[in-house]
Structures are given as structure tokens and as C-alpha cells.
Amino acid sequence: MPLKKTKNYITQPLELLKKLQLTPEQMLFSEEANNSFQFKVPTAFVSKIEIGNPNDPLLRQIFPIQQETIQTPDYHIDPLDEANYCTQSGLLQKYYGRALLLVTPSCAINCRYCFRRHYPYDEKGYLWSQIEHNIQLIEKDTSISEVILSGGDPLSLSDRRFAQIIDRLNSIAHLKRLRIHTRFPIVEPQRISTDFLQILTSCQLRIIIVLHINHAQEIAPDNQKSIAKLHQIHCILLNQSVLLKGVNNHVDQLEALSEALIDNHIIPYYLHLLDKVQGAAHFSISDKLAYQIYQQLRAKLPGYMLPKLVKEIPGEVSKTPFFL
Ligand SMILES: *Cc1c(COP(=O)(O)O)cnc(C)c1O
Ligand code: SF4
1 MPLKKTKNYI TQPLELLKKL QLTPEQMLFS EEANNSFQFK VPTAFVSKIE
51 IGNPNDPLLR QIFPIQQETI QTPDYHIDPL DEANYCTQSG LLQKYYGRAL
101 LLVTPSCAIN CRYCFRRHYP YDEKGYLWSQ IEHNIQLIEK DTSISEVILS
151 GGDPLSLSDR RFAQIIDRLN SIAHLKRLRI HTRFPIVEPQ RISTDFLQIL
201 TSCQLRIIIV LHINHAQEIA PDNQKSIAKL HQIHCILLNQ SVLLKGVNNH
251 VDQLEALSEA LIDNHIIPYY LHLLDKVQGA AHFSISDKLA YQIYQQLRAK
301 LPGYMLPKLV KEIPGEVSKT PFFL
């Protein structure tokens, strides 16, 4: 008998709707939106979406709808002006002491509000020769103490390629920390294999894993196990979320998220205001409302469970705390 092939992803929106017993009309599905940014969702994430609920907070993060195609003033293709900070293909140096290394354009899941959804990913940046070149630049700059692996999602790389990068970074004396920005442990927990954990364990640098979870419903026994494994090998676990209308724009949802994070040894790190990327305007709430929700959250949570509400302003020396 042939081996049953396991399918990790759904790449057709209508296939997902069928599974969830929803119609394209109910979801205001848009082919045009779908064509502008590829639909991709891991089955592990799908398993946490409620059947028959068009307003499910997980479904909203990934489903291409008509509102995406509306042109909105102030929403841009490169809202963070990254093209300007990319001094080298695949290397971003915006903040002191930290270098962000783009190692792959590919993600486990494609989020509709992603500020890189129109990013002109330059294939050249991901060739091994370019990554190696960027690592050499990091090697020459002793002011850098932390390397941030980002993309895309660095865990999209094969174990072999990932290990190669870790080995190279390990050999740089002035580096102290390795940070990995990833959604994999949550959306495709099987990626955190024994072999992968072994690669992390072999790394001499302090490892900080910054997850991206927007709603408590994303955390379930399958990914709790993967998170626990990362915790057991002494990774520091942080989470960043984006404040998104229809996903987590209510104080109860944000409170439940912080509770779920701490239960799993994850410290809430950032709550980002939405970057104004074209196609994501329907996720935005006013600054005033965002601030009100945040004040309500502050009144409910211990300080260490309160993420920092931040906005990214091109040209600033750090992410900017948001006040009104
Ligand atoms: C967000 C970001 C960082 C990390 O900032 P922290 O405040 O240290 O989390 C580093 N480099 C770039 C380009 C970034 O966008
Ligand atoms: S995982 Fe991150 S980089 Fe990838 S699509 Fe989602 S928000 Fe964008």
C-alpha cells in the first residue's frame, strides 16, 4: 500500500471554506485579493478555526476578502520604508547593536495584514553567497551583539541550511544573542523536531524566540508541546501581536491572550499598531480606540503580562511607545 501523504498546507481558499462549511459569499471572498498575495495556511492552524463561523479571529487573519482590494489613502506598499534601510540585500540595520538578517522570503502562513505582503523580495538576498556575505559584514562590525533571523520565516529553511547559519554565527566572538522571529512553533508545531532542537542546543549564543500570536485560540495542545520543548532547552520565549480589528481589538481577548502566553512560559513583548500596508485598512482601528483598549488592559494585568504598545515610525532609533 502506498504511504499516505500528509498534507501540511491548504493553498486554495475555496478548499478551506468547504472544510469550514462556509460559502464564498458569506466570507466576501475576493479572487483579486487572493491573486495579490498568495493564500497559504497550515492544517495545524486550520484545526483551531471554528467550523461555520465567518467571523472566527483566526480565519480573519488569513482569508482574502473584498475589502483588501479597496485603495485607501495613507496605506502604502512599503509602510516602514524598508527599502531605504536595506543597505545590503538581505540585511537590515535600523537599531543599535542589532542586525536583522533576512534568510528566506517564505512563511508557514500568509497573514493578510503583513507589512511585507508587497515586499519586493529580491531573490538574490537569499542565495547562500549573499547570506554568507551579510554574515561577513556582521563579523566585521563589533558593535553588533545580536543577530535577528527574520524573513519571511527563518524556520522555512531546511535544518541543514539553518544549521549552517547557526554555525557561522556561533563563530563570531562579539555576538551574544541570537533572536529568531517565527510563527512556526504555533502554526506548524511539527517543525520543532528533535533534529531542529538539537541545532538550537548546539548554539552557544543566548537564544530568544519571538513568536507571533494574536489570539488565545491559536494556542492548543499540539503547539503547547512544541513551546514546552523550546522552553526546556532554555530558549527565552517572547510574543508579539498586532492589534487587529475583528481579531483581538477587545480587552477581554487581549487579557486572555496574555494569560495563555504566561501559562506557556511566553512573555508578552510587543503589541504593534497596524502598519499601514495597502490591503490591510479593514484591520485598522483608530489611535484613540487603540489607546483606550490598552488603558483597559493595563488596568487588568500585572506589569509583566502587559505587552508594550508600539508603533514603528521610519527613522526612529527604536520602536516607538504609543501614547495619546
Ligand atoms: C523591530 C526590529 C528590530 C528589533 O527591535 P527590538 O525593539 O529590539 O525588538 C531590529 N531590526 C529591525 C529592522 C526591526 O524592524
Ligand atoms: S508570518 Fe510574519 S512575515 Fe510571514 S506573512 Fe505572517 S506576519 Fe508576514
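For the sequence shown, the numbering used here assigns the number 1 to the initial residue and increments by one for each residue that follows.
By construction, the Cβ of each residue, glycine as well, lies at the ideal position given by its N, Cα and C atoms.
Whether residue i touches residue j by CB criterion (8 Å)
i    : j    : result
H174 : I135 : no
I199 : D153 : no
L205 : L169 : yes
K311 : T320 : yes
C107 : Q61  : no
L80  : D275 : yes
I138 : I172 : yes
I10  : L17  : no
Y269 : V210 : yes
I184 : L230 : First, the amino acid is wrong: residue 184 is Phe here, not Ile. The answer is no: Cβ separation not under 8 Å.
G97  : Y126 : no
L273 : L244 : no
L328 : H265 : Missing from the structure shown is residue 328; the chain here goes from 1 to 324 and no further.
A44  : E188 : yes
Buried versus exposed, by CB contacts within 10 Å (16 or more), residue i
i    : result
P57  : buried
N326 : No information on residue 326 is available, as it lies outside the stretch 1 to 324 that the chain covers here.
I70  : exposed
S47  : exposed
A99  : buried
P13  : buried
R179 : buried
E25  : exposed
T182 : buried
E31  : exposed
N8   : exposed
M1   : Legend: pLDDT at M1 = 49, less than 50; position of this residue unreliable, no value from coordinates given.
I148 : buried
E68  : buried
S241 : buried
Q93  : buried
Y294 : buried
S202 : exposed
R298 : exposed
Residue-level contact to chain B via CB, residue i, 8 Å cutoff
i   : result
T43 : The chain inventory of the structure shown lacks chain B, comprising one protein chain alone.
**Report entry** Sufficient close CB pairs (3 or more, under 8 Å) joining the stretch 204-220 to the stretch 257-272
**Finding:** Proximity of the stretch 204-220 to the stretch 257-272 meets the contact definition, three or more beta-carbon pairs being nearer than 8 Å.
Query raised in the report: At what residue ranges does the stretch 23-50 contain a whole run of the beta strand (DSSP E), taking only runs of 3 or more?
Result: Counting whole runs of 3 or more residues, the stretch 23-50 contains no beta strand (DSSP E) stretch at all.
Query - the stretch 179-192 contacting the stretch 224-241, beta-carbon criterion three pairs below 8 Å - result: Three or more pairs of CB atoms, one per stretch, sit closer than 8 Å, so the stretch 179-192 contacts the stretch 224-241.
Query raised in the report: Does the stretch 63-77 come close enough to the stretch 275-285 to have 3 or more Cβ pairs within less than 8 Å?
Result: Segments in contact, yes.
Query - Lining residues of ligand 1 - beta-carbon closer than 6 Å to any non-hydrogen atom, in sequence order - result: Taking each Cβ in turn, the ones that pass are L92, K94, Y95, R98, L100, I148, S318, K319.
Query - Unbroken stretches of the beta strand (DSSP E), 3 residues or longer, contained in the stretch 223-297 - result: Counting whole runs of 3 or more residues, the stretch 223-297 contains the beta strand (DSSP E) stretches 236-242, 267-272.
Query raised in the report: What are the start and end residues of each continuous beta strand (DSSP E) run of 3 or more residues lying completely inside the stretch 176-226, in chain order?
Result: Qualifying beta strand (DSSP E) stretches, in chain order: 177-181, 206-212.
Query raised in the report: Do three or more CB pairs link the stretch 31-43 to the stretch 61-71 at distances below 8 Å?
Result: Between the stretch 31-43 and the stretch 61-71 there are three or more inter-stretch CB-CB distances shorter than 8 Å, so the stretches are counted as touching.
Query raised in the report: What are the start and end residues of each continuous beta strand (DSSP E) run of 3 or more residues lying completely inside the stretch 68-116, in chain order?
Result: As far as the stretch 68-116 is concerned, its whole beta strand (DSSP E) runs of at least 3 residues are 98-102.
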